[in-house]
Every structure is written in C-alpha cells, then in structure tokens.
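**Q**
Numbering (mature numbering (1 follows the signal peptide of the UniProt record, and there is no 0)), first residue to last: -27 to -1, 1 to 234.
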C-alpha cells in the first residue's frame, strides 16, 4: 500500500515539474540580472554545471557621451555558446549610486517580454531558441546621475536545469548629457520649501513655459503651464518630499530641486 502511495505521488510530480520547467523556459519573474538591486542574484541557483564557452554582450544606441533625458534607445543582447539548445537572458537598468531601477523598457512581446512591472526584460518561450534579442529603453526624464545596465544570460542543454551555464555582463557607467548654455533656461522660484503655493519667475524674453515635477524615481508627479502673468502653482496635492522641477520653454530647459513640506 505504501509503495502505491509513493508511486502515485511520483506520477503526480511529473506534470508539475514539466509545467515548472516550461514556465521557466519563458523567462522568470524576480530579479536575476546579477545587479546590485537584484542582490547580485542570477539563475545559477537552479542552472549550473554546464560548459558551453558561453559569453554575453550588450550593444546599445546610447552614446558614450551620455543619454539624453526622455530619449528612447535601442538595445541588443547577444549570446555566444556551443549549445544548440535553449538560451535566455534578463536585463535591468539601475542608478549606480543606490541600485534603484531607472528608465522604462519597451519589449516586443514576441521573443522578449517585460517582467516585474517593467523593470526587467527577459526572453519568451519562443525567444529561447534564439541567441540575440532586440528591445528598447527610454531614459528617465530627469537627471538621476550615472546609470548602468546589468545582463545575465543562460545557455542550456535542453534537459532540466542541470548542465546549464550562466554568464553576466554590464555596461560601463552612463551619465546624462549636459545641457549647453545656449539651451539652459534660468529661472527663480519661491518659496522653497513650500507646502501650498510655488511661484516661478521666468527670465526676460520667456513669456510662457511648462513646469514639471518629478519624484525621486523619475516619475512625473505634476505638470502645469505658466505665463509671466500667471506664474503661481498649487503644490498642495504633492506628497511631502524632494522633487526635481523642470521648466521647459521652446527649445530651452532648466531644472532645480524643490522640497514639498
């Protein structure tokens, strides 16, 4: 009787295990890019033991001089290995200073897809037969300092999780492009800090502008159009904290730190 019980339990585990492996073949939820924000975790806890002379590279359209605010760039992950079976990857972008996730990924949903609320891109089930994946990344709208891409890739033997190989790579530190003096918009604002009203004083020659407030992760929290005669903004509904305030007029831009108390 006991033998039959164990035999039945074993039979039940077969489809469950198969479903688990199939789900992983379409990429994993969770952070496995090897980045500091992902606790340096990769898929080696499940996939290991293989040797396919695997390497991974990242190509980006982001210039060496830095990224432009709010600009979308193409990225490509390439895996080289002697395996003729499955391959996969995961990538994320983080702020170098604290490991917070930065920017917005845009996946095609065919051979690559978004995971974890869009902070990561990974392969799909259809995409694990490939060794190259293309997708986009949109830079943050505010200067968050240096950012970095982190990539983990896997070469599998197509038989469970044993005998696979995991490798990683990173980009160099990428800074935001500086704003030339010709494009810089100088303005005054007061009071700062403020809890209710904020006045923006535009420079001479600038009659109207758009004012944008971004929180500490680069999300737009408030946007308001102002003129020289209507330059007051109600900030009462903003949450308490520190914001990057951007003032945009024609082809010029200025930014300052604003504190909502």
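Every residue gets a Cβ at the ideal spot worked out from N, C-alpha and C, and that includes glycine. Just so you know, these numbers come straight off a predicted model, no measurement behind them.
When we look at the beta-carbon of residue 113 and count the other beta-carbons within 10 Å, is it buried (16 or more) or exposed?
**A** For the purposes of this step, residue 113 is taken as the residue at position 140 of the chain shown. Under this definition residue 113 is a buried residue.
**Q** Whole angstroms are fine: how far does the CA of residue 47 sit from the CA of residue 227?
**A** Position 254 of the chain shown, counting from 1, holds the residue named residue 227. Position 74 of the chain shown, counting from 1, holds the residue named residue 47. So the alpha carbons of these two residues sit roughly 27 Å apart.
**Q** For the beta strand (DSSP E) containing residue 185, list its first residue and its last residue.
**A** Your numbering for residue 185 matches position 212 in the chain shown. Note, residue 185: beta strand (DSSP E), 181 to 187.
**Q** My output table needs one value for residue -5: the three-state DSSP class, helix, strand or coil.
**A** As a working mapping, residue -5 is identified with position 23 in the chain shown. With a pLDDT of 37 at residue -5, under the threshold of 50, the modelled position of that residue is not reliable, and no figure is offered here.
**Q** One question on the structure: do residue 6 and residue 124 come within less than 8 Å of each other, judged by their Cβ atoms?
**A** On the chain shown, residue 6 is found 33 positions in, with the first residue counted as 1. On the chain shown, residue 124 is found 151 positions in, with the first residue counted as 1. Yes, the Cβ-Cβ distance between residue 6 and residue 124 is below 8 Å.
**Q** Could you pull the start and end residues of the beta strand (DSSP E) that residue 78 belongs to?
**A** Numbered from its first residue, the chain shown carries residue 78 at position 105. 77 to 79 is the span of the beta strand (DSSP E), which, as asked, contains residue 78.
**Q** Can you give me the Cβ contacts of residue 27 inside the same chain, cut-off strictly under 6 Å, excluding the 5 residues immediately before and after it?
**A** Reading the chain shown from its first residue, position 54 is the one you call residue 27. So the list reads 54, 128, 138 and 140, once near-sequence residues are dropped.
**Q** Classify residue 187: buried if its beta carbon has 16 or more other beta carbons within 10 angstroms, exposed otherwise.
**A** Taking the chain shown and counting its residues from 1, the one referred to as residue 187 is at position 214. Result: buried.
**Q** Please tell me whether residue 52 and residue 31 are closer than 8 Å, where the distance is taken between their beta carbons.
**A** Mapped onto the chain shown, residue 52 falls at position 79. Mapped onto the chain shown, residue 31 falls at position 58. No.
**Q** From the DSSP output, which residues share a beta bridge with residue 128?
**A** Counted from its first residue, the chain shown places residue 128 at position 155. According to DSSP, which records beta bridges pairwise, residue 128 is partnered with 60 and 138.
**Q** Less than 8 Å between the CB atoms is what I'm expecting for residue 95 and residue 122, so what's the real figure, rounded?
**A** The residue you call residue 95 lines up with position 122 of the chain shown. The residue you call residue 122 lines up with position 149 of the chain shown. Actually they do not touch by this definition, with Cβ atoms about 14 Å apart.
**Q** Which value, in whole angstroms, describes the spacing of the CA atoms of residue 15 and residue 9?
**A** Taking the first residue of the chain shown as position 1, residue 15 is located at position 42. Taking the first residue of the chain shown as position 1, residue 9 is located at position 36. Each residue's Cα considered, the two are about 11 Å apart.
**Q** Do you know offhand how far residue 81's Cα is from residue 65's?
**A** As a first step, residue 81 must be located in the chain shown, where it is residue number 108. As a first step, residue 65 must be located in the chain shown, where it is residue number 92. The straight-line gap from Cα to Cα measures roughly 16 Å.
**Q** Buried or exposed for residue 200, going by 16 or more other Cβ atoms inside 10 Å?
**A** Position 227 of the chain shown holds residue 200. So residue 200 ends up on the exposed side.
**Q** Quick one: what does DSSP say residue -27 is sitting in, helix, strand or coil?
**A** Here the question's residue -27 lines up with position 1 in the chain shown. Summary for residue -27: the model assigns pLDDT 47, below 50, so the residue's position carries little reliability; its value from the coordinates is reported in the next sentence. Judged by DSSP in its simplified three-state form, residue -27 adopts coil rather than helix or strand.
**Q** From the DSSP output, in three-state form, read off residue 156 for me.
**A** As a position in the chain shown, residue 156 is number 183, starting the count at 1. DSSP places residue 156 in helix when its eight states are reduced to three.
**Q** With a CB to CB cut of under 8 Å and the five nearest residues on each side skipped, what residues in its chain are close to residue 119?
**A** Your numbering for residue 119 matches position 146 in the chain shown. Only 68, 69, 70, 146, 147 and 148 meet the Cβ criterion.
**Q** Going by Cα to Cα distance, which pick from 74, 101, 203 and 84 is closest to residue 91?
**A** By one-based count along the chain shown, residue 91 stands at place 118. Ranking 74, 101, 203 and 84 by Cα distance to residue 91 puts 74 first.
**Q** If I measure Cβ to Cβ from residue 181 and keep anything under 6 Å in the same chain, skipping five residues before and after, which residues do I get?
**A** Reading the chain shown from its first residue, position 208 is the one you call residue 181. Excluding positions up to five away in sequence, the list reads 200.
**Q** Only counting the same chain, and skipping five residues up and downstream in sequence, which positions put a Cβ closer than 7 Å to that of residue 101?
**A** Translated into the one-based positions of the chain shown, residue 101 becomes position 128. Answer for residue 101: -3, 59, 60 and 61, listed in chain order.
**Q** On the CB-based measure, 16 or more other CB atoms within 10 Å of its CB, does residue 170 come out buried or exposed?
**A** Position 197 of the chain shown, counted from the start, is the residue given in the question as residue 170. The residue in question, residue 170, is exposed, as its Cβ has fewer than 16 Cβ neighbours within 10 Å.
**Q** Are the beta-carbon atoms of residue 110 and residue 85 separated by less than 8 Å?
**A** The residue you call residue 110 lines up with position 137 of the chain shown. The residue you call residue 85 lines up with position 112 of the chain shown. Not a contact, by the Cβ cut-off of 8 Å.
**Q** In the DSSP output, which residue or residues are listed as bridge partners for residue 85?
**A** As a first step, residue 85 is located in the chain shown; it is residue number 112 there, counting from the start. DSSP output for residue 85 lists 96 as bridge partner(s).
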